[in-house]
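Okay, so here's the structure we're looking at.
In our numbering, the protein residues as written are 1364 to 1654.
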């Protein structure tokens, strides 16, 4: 009994897809091959990938860029946050700047420094966001505490100490900070301060992995939207930093069909188009043609 060893010839092609291949109209990276190539007997594997972490966590398209204050005189102030990447501390600083611009604070006579009555604070122990709202005193107590109203303030000291309220104007802002309601406290609190911890984990990062997809693939067993997934890049680095990714082993994925171009595109974990600012990218891949 004899056995026949069938040897197969492998033709390896290494290719780099980078920023120069970016197509602004589609948001994809395309390499035109100049001819139609049959990829039926071809496997594709990743060598390395480099991309910047440039995904904003606050953006008008996320519907999470509005926050506000309802002051003790009933006036509502709504603020629109510029697109960008913010921590909870950054949002607190932003809110303080807007309260300062609108004279929603008091000045401490002894130091001349502003004192704010609404605070957003990260609570790492509970993996939560903390809202702290302090009461604004009546005139007599304000004098005792050494508080002065801003010169241009249009509001008056309350007859009874009472809290202002913070407005998480959109559902996106509520999700970002981990709260489920629009306004905190739900009604102004008299003669006492108010504190609340978010009832769910804040979602300060909109994406945890960059999913890289390719038109040469068709994984029929994949989840809806994931049938062309090539690989995923864990977002481990801080905003503005380069993410360098190299797989620990070579994974050969079977290609399908005939194509005259190779195209890559980035999505989030739900396979929605990824919104990222820095389009610089470098992906090195190997095409293994088996004859």
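Positions of the beta carbon are idealized from the N, C-alpha and C atoms, including for glycine.
Secondary structure at residue 1507, three-state DSSP: helix, strand or coil?
In this structure, residue 1507 counts as helix in the three-state DSSP scheme.
Who are the Cβ neighbours of residue 1414 in its own chain at under 7 angstroms, not counting the five residues just before and after it?
Apart from sequence neighbours up to five positions away, the residues of its chain that approach residue 1414 with a beta-carbon distance below 7 angstroms are 1573, 1596, 1606 and 1644, ordered along the chain.
I need the boundaries of the alpha helix (DSSP H) containing residue 1452, first residue and last residue.
From DSSP, the alpha helix (DSSP H) with residue 1452 extends over 1451-1464.
Using the rule of at least 16 other Cβ atoms within 10 Å of the residue's Cβ for burial, across every protein chain shown, is residue 1551 buried or exposed?
Buried.
Going by DSSP, what residues sit across from residue 1373 in a beta bridge?
Partner(s): 1653.
Distance, residue 1538 Cα to residue 1488 Cα:
Each residue's alpha carbon lies about 19 angstroms from the other.
Outcome for residue 1454 when other beta-carbon atoms lying within 10 angstroms are tallied against a minimum of 16:
By the neighbour-count rule (16 or more Cβ atoms within 10 Å), residue 1454 is buried.
From the DSSP output, read off the bridge partner residues of residue 1405.
Residue pairing by DSSP places residue 1405 opposite 1652 in a beta bridge.
Assuming the contact rule is C-beta atoms closer than 8 angstroms, residue 1515 and residue 1485 should be a hit. Round their C-beta distance to whole Å, please.
In fact, because the Cβ distance is near 32 angstroms, the residues do not count as touching under 8 angstroms.
Would you identify the three-state DSSP class for residue 1490, choosing helix, strand or coil?
Coil at residue 1490, not helix or strand.
By Cβ distance, which residues of its chain are closer than 8 angstroms to residue 1558, with the 5 residues on each side in sequence left out?
Listed in chain order, the non-local C-beta contacts of residue 1558 below 8 angstroms within the same chain comprise 1493, 1494, 1495 and 1496, local neighbours out to five positions each way being set aside.
For the beta strand (DSSP E) that residue 1605 lies in, which residues bound it at each end?
That run of the beta strand (DSSP E) goes 1605-1608.
Taking the alpha-carbon positions, what's the residue 1518 to residue 1500 distance?
Residue 1518 and residue 1500: Cα-Cα distance of roughly 13 angstroms.
Reduced DSSP category for residue 1591 - H, G, I as helix; E, B as strand; rest coil
Here residue 1591 sits in coil by DSSP.
Taking the straight line between their C-alpha atoms, what separation do you get for residue 1394 and residue 1428?
Rounded to whole angstroms, the separation of the alpha carbons of residue 1428 and residue 1394 is 36 angstroms.
Let me know the secondary structure DSSP gives residue 1536 once reduced to three states.
Secondary structure at residue 1536: helix, using DSSP grouped into helix, strand and coil.
Tell me whether residue 1563 sits in a helix, a strand or coil according to DSSP, three-state version.
Residue state for residue 1563 is assigned as coil, using DSSP reduced to three classes.
In the DSSP assignment, the beta strand (DSSP E) including residue 1431 goes from what residue to what residue?
First-last of the beta strand (DSSP E) with residue 1431: 1429-1433.
So what does residue 1647 bridge to, in DSSP terms?
Looking at the DSSP assignment, residue 1647 forms a beta bridge with 1379 and 1411.
What is the rounded straight-line gap between the Cα of residue 1438 and the Cα of residue 1432?
In this structure, the alpha-carbon of residue 1438 lies about 8 angstroms from that of residue 1432.
According to DSSP, simplified to helix, strand and coil, what is residue 1445?
DSSP places residue 1445 in coil when its eight states are reduced to three.
Less than 8 angstroms between the C-beta atoms of residue 1639 and residue 1417, yes or no?
Yes, Cβ-Cβ distance for residue 1639 and residue 1417 is below 8 angstroms.
Would you mind working out which of 1475, 1387, 1441 and 1579 sits nearest residue 1528, comparing C-alpha positions?
Residue 1528 has its Cα closest to that of 1441, out of 1475, 1387, 1441 and 1579.
With 16 other CB atoms within 10 Å as the buried threshold, where does residue 1543 fall?
Residue 1543 counts as exposed, since fewer than 16 other beta carbons sit within 10 angstroms of its beta carbon.
In this structure, does DSSP put residue 1637 in helix, strand or coil?
Secondary structure at residue 1637: coil, using DSSP grouped into helix, strand and coil.
Does the beta-carbon distance from residue 1444 to residue 1463 come in below 8 angstroms?
The answer is no: Cβ separation not under 8 angstroms.
So what does DSSP say about residue 1623, is it helix, strand or coil?
Strand, per DSSP.
Helix, strand or coil at residue 1385 [DSSP, three-state]
When DSSP states are grouped into helix, strand and coil, residue 1385 belongs to the strand group.
Between residue 1610 and residue 1627, what straight-line distance do the alpha-carbon atoms span, to the nearest angstrom?
Distance between the alpha carbons of residue 1610 and residue 1627: 18 angstroms.
Quick one: residues in its chain with C-beta nearer than 7 angstroms to the C-beta of residue 1365, no 5 flanking neighbours on either side, listed in chain order?
Residue placement at residue 1365 cannot be trusted, given a pLDDT of 44 that sits under 50; the coordinates are not used to answer.
Using 8 angstroms as the threshold, is the C-beta distance between residue 1567 and residue 1430 below it?
No, the Cβ-Cβ distance between residue 1567 and residue 1430 is not below 8 angstroms.
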